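**Q** Chains as they are written, first to last, in our numbering: chain Z, 1 to 234; chain W, 1001 to 1234.
Quick one: this structure, given as structure tokens, is what I'll be asking you about.
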């Protein structure tokens, strides 16, 4: 049994990863970042997911608004969603995963953990460069070189969703019993999910393609998901 | 003229680097971290150094005490200094440079900077793994891969002190006119430097070996430095 940190945002991907890591029998420790995101409801979701999974969780406060330049941490409008976006959307916080993984590395060093699980994904990854496999490999090398001796000098960054589509992620999590009803994905941060931002569209498309109904409540479903629900009821 | 960030801690090394970067004619932007260090007097030093060099400076607040495990960010005692230490001293904040460089990378991305200057040093480096050249090279690669397009995709981490002894650093800075009288190095964080912690000993040894008097005031000089002052007065 080895010690592992799991980055837990309260979203669908990281909840799938936490459920997966738990199922592997590692000693799991959750890590959430309160980074000034407009959707603070995420923090409540990750707290509830950790509680459900029986995982101890630590919250690190780092205000990314000091760094700036993202609609997720400012008052600017979130772009209307697109399932097939070209280029980098305005929800991009530059270097967010670099910063999160650096801090996770430091904590892994202190706790004697040899693994960091993260829910990055390069298929439906919305164009973020710090989700790519070559980035993750280089980050792992950097942490091994930059941390002290002990288990962290052989630290692995494990990204089990790296090559999965959103539909495959939903299927995997559903099979493992991931508590999707406690998750939160919407970029707009309301109590109910909007159903129209990039994140909601990607999530609903994933559930649809997996043939599974999303347990979350939405203000309004996009047409493709309404069609799916109709087909499912037949 | 290219844009460059310079990590400025208010200490001797980073002040040498900032003076050097300024002398190269780049458009310099200073970056200081308020990370819960017990020696907050550093922040005042870096502010004064930036002002003297005519450099705009940004302070990022990130409380490393959330991560823990260093006498520099806790109430535990700083180890009595040693000039020839084996292993990693208890002033080590794991992953500090990884975290600082990640944040610097994000800011470089936003500002369109193509260089980050940092005063790490692998000769008199006090045993910190995140000061080694192979770590710096890997970190540069990680930032290039993890950041968006533009100048940051070809970002360089420049560590001009990497292979210099403290004496060589002092000579270099003195030739370039680095304002050493405004710097602060002591781990104990008093108004006057203690003269006995690792950092004071390393600094005074460097000045001694460079044959230059340290302009700072100390509570008590170590014997080797008193001998140096006596020899110098003859």
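Backbone N, C-alpha and C fix where the C-beta goes; we use that ideal spot for every residue, glycine too.
Since this is a predicted model, take the numbers as computed values, not measurements.
Would you please state the rounded distance, in angstroms, between the beta carbons of residue 181 (chain Z) and residue 215 (chain Z)? I believe it to be under 8 Å.
**A** Right, their Cβ atoms sit about 4 Å apart.
**Q** Is residue 29 (chain Z) close to chain W? Criterion is C-beta to C-beta, closer than 9 Å.
**A** Not an interface residue.
**Q** On the CB-based measure, 16 or more other CB atoms within 10 Å of its CB, does residue 229 (chain Z) come out buried or exposed?
**A** Exposed: under 16 other Cβ atoms inside 10 Å.
**Q** To the nearest angstrom, how far is it from the Cα of residue 27 (chain Z) to the Cα of residue 50 (chain Z)?
**A** Rounded to whole angstroms, residue 27 (chain Z) to residue 50 (chain Z) spans 13 Å at the Cα level.
**Q** Are any of the Cβ atoms in chain Z nearer than 9 Å to that of residue 1095 (chain W)?
**A** Judged by the 9 Å Cβ criterion, residue 1095 (chain W) is in contact with chain Z.
**Q** Measure the beta-carbon distance from residue 1146 (chain W) to residue 43 (chain Z) and round it to whole angstroms, keeping in mind my assumption that it falls under 8 Å.
**A** About 24 Å separates the two Cβ atoms, so there is no contact after all.
**Q** Count Cβ pairs between the stretch 3-16 of chain Z and the stretch 162-179 of chain Z that sit closer than 8 Å; are there 3 or more?
**A** Judged by Cβ distances under 8 Å, the stretch 3-16 of chain Z makes contact with the stretch 162-179 of chain Z, as three or more pairs qualify.
**Q** Distance check for residue 1207 (chain W) and residue 1021 (chain W), CA to CA, integer angstroms please.
**A** Rounded to whole angstroms, residue 1021 (chain W) to residue 1207 (chain W) spans 22 Å at the Cα level.
**Q** For the candidate residues W:1231, W:1199, W:1054 and W:1002, whose alpha-carbon lies nearest to that of residue 1211 (chain W)?
**A** Out of W:1231, W:1199, W:1054 and W:1002, W:1231 has the C-alpha closest to the C-alpha of residue 1211 (chain W).
**Q** Find out if the Cβ-Cβ distance for the pair residue 1017 (chain W), residue 1161 (chain W) is shorter than 9 Å.
**A** In this structure, residue 1161 (chain W) lies closer than 9 Å to residue 1017 (chain W) by Cβ.
**Q** To the nearest whole angstrom, what separates the beta carbons of residue 1003 (chain W) and residue 1112 (chain W), a pair I think is in contact under 8 Å?
**A** Confirmed, Cβ separation roughly 6 Å.
**Q** Since residue 1204 (chain W) and residue 1179 (chain W) are thought to touch, with beta carbons under 8 Å apart, how far apart are those beta carbons, to the nearest angstrom?
**A** At roughly 18 Å, the Cβ-Cβ gap does not stay under 8 Å, so residue 1204 (chain W) and residue 1179 (chain W) are not in contact.
**Q** Out of Z:96, Z:104 and Z:153, which has the shortest C-alpha to C-alpha gap to residue 1109 (chain W)?
**A** Considering only alpha carbons, the answer is Z:96.
**Q** Quickly, what does DSSP pair residue 228 (chain Z) with across the bridge? List them, please.
**A** None; residue 228 (chain Z) has no bridge partner.
**Q** Checking contacts by CB at 9 Å: is residue 141 (chain Z) closer than that to chain W?
**A** For residue 141 (chain Z), the answer is yes, since a Cβ of chain W falls inside 9 Å of its Cβ.
**Q** Cβ of residue 207 (chain Z) versus every heavy atom of the ligand ZN: is any distance shorter than 8 Å?
**A** Among the ligands in the structure shown, none appear at all, so the ligand ZN cannot be discussed.
**Q** Who are residue 115 (chain Z)'s beta bridge partners in DSSP?
**A** DSSP, once it has assigned bridges, lists Z:4 and Z:156 as partnering residue 115 (chain Z).
**Q** State the beta-bridge partners of residue 1195 (chain W) as determined by DSSP.
**A** Bridge partners of residue 1195 (chain W): none, in fact.
**Q** Which residues, in order along the stretch 194-210 of chain Z, keep a beta-carbon less than 7 Å from a beta-carbon of chain W?
**A** For the stretch 194-210 of chain Z, which is checked against every Cβ of chain W, not one residue is closer than 7 Å.
**Q** Between residue 48 (chain Z) and the rest of its own chain, which residues show a CB-CB distance below 6 Å, the 5 nearest in sequence each way excluded?
**A** For residue 48 (chain Z), where only same-chain residues beyond five positions count, the Cβ hits under 6 Å are 182.
**Q** Does any CB atom of chain W fall closer than 9 Å to the CB of residue 215 (chain Z)?
**A** Output row for residue 215 (chain Z): interface = no.
**Q** Might you give, ordered along the chain, the residues of its own chain that have their beta carbon closer than 6 Å to the beta carbon of residue 1075 (chain W), omitting 5 neighbours on each side?
**A** Note that residue 1075 (chain W) scores a pLDDT of 49, beneath 50, so its modelled location is shaky; the value from the coordinates is reported in the next line. Cβ neighbours of residue 1075 (chain W) beyond the five flanking positions: none.
**Q** In chain W, which residues lie less than 7 Å from residue 138 (chain Z) when you measure between Cβ atoms?
**A** Those within 7 Å of residue 138 (chain Z) in chain W are 1138, 1141, 1142 and 1145.
**Q** Considering only their Cβ atoms, is the gap separating residue 156 (chain Z) from residue 116 (chain Z) smaller than 9 Å?
**A** Cβ distance < 9 Å, so residue 116 (chain Z) and residue 156 (chain Z) count as in contact.
**Q** Please report the residue range of the beta strand (DSSP E) in which residue 176 (chain Z) lies.
**A** Per DSSP, residue 176 (chain Z) belongs to no beta strand (DSSP E); it is in the alpha helix (DSSP H), 166-176.
**Q** In this structure, does DSSP put residue 234 (chain Z) in helix, strand or coil?
**A** Coil, per DSSP.
**Q** What does DSSP give as the partner residue(s) for residue 143 (chain Z) in the beta ladder?
**A** For residue 143 (chain Z), which the question treats as bridged, DSSP gives no partner whatsoever.
**Q** Please report the residue range of the beta strand (DSSP E) in which residue 1032 (chain W) lies.
**A** Run containing residue 1032 (chain W): 1027-1034, per the beta strand (DSSP E) assignment.
**Q** From residue 225 (chain Z) to residue 193 (chain Z), what does the alpha carbon distance come to, in whole angstroms?
**A** Looking at the two C-alpha atoms, the distance is approximately 14 Å.
**Q** Could you list which residues in chain W have their beta carbon closer than 7 Å to that of residue 66 (chain Z), in chain order?
**A** Near residue 66 (chain Z) (Cβ distances below 7 Å), the residues of chain W are 1060 and 1061.
**Q** Nearest CA to the CA of residue 100 (chain Z): which residue from Z:143, Z:114, Z:148 and Z:122?
**A** That would be Z:143, whose Cα lies nearest to the Cα of residue 100 (chain Z).
**Q** Would you decide whether residue 1054 (chain W) is buried or exposed? Buried here means 16 or more other CB atoms lie within 10 Å of its CB.
**A** It counts as exposed.
**Q** Go ahead and label residue 1190 (chain W) buried or exposed: buried means 16 or more other beta carbons lie within 10 angstroms of its beta carbon, across all protein chains shown.
**A** Residue 1190 (chain W) comes out exposed.
**Q** Pull up the distance between the alpha-carbon of residue 67 (chain Z) and that of residue 234 (chain Z), whole angstroms please.
**A** Looking at the two C-alpha atoms, the distance is approximately 50 Å.
**Q** Just how far apart, CA to CA, sit residue 1037 (chain W) and residue 1196 (chain W)?
**A** In a straight line, the C-alpha of residue 1037 (chain W) is about 19 Å away from that of residue 1196 (chain W).
**Q** At the 9 Å Cβ level, is residue 8 (chain Z) part of the contact set with chain W, yes or no?
**A** False, the Cβ-Cβ gap to chain W never drops below 9 Å.
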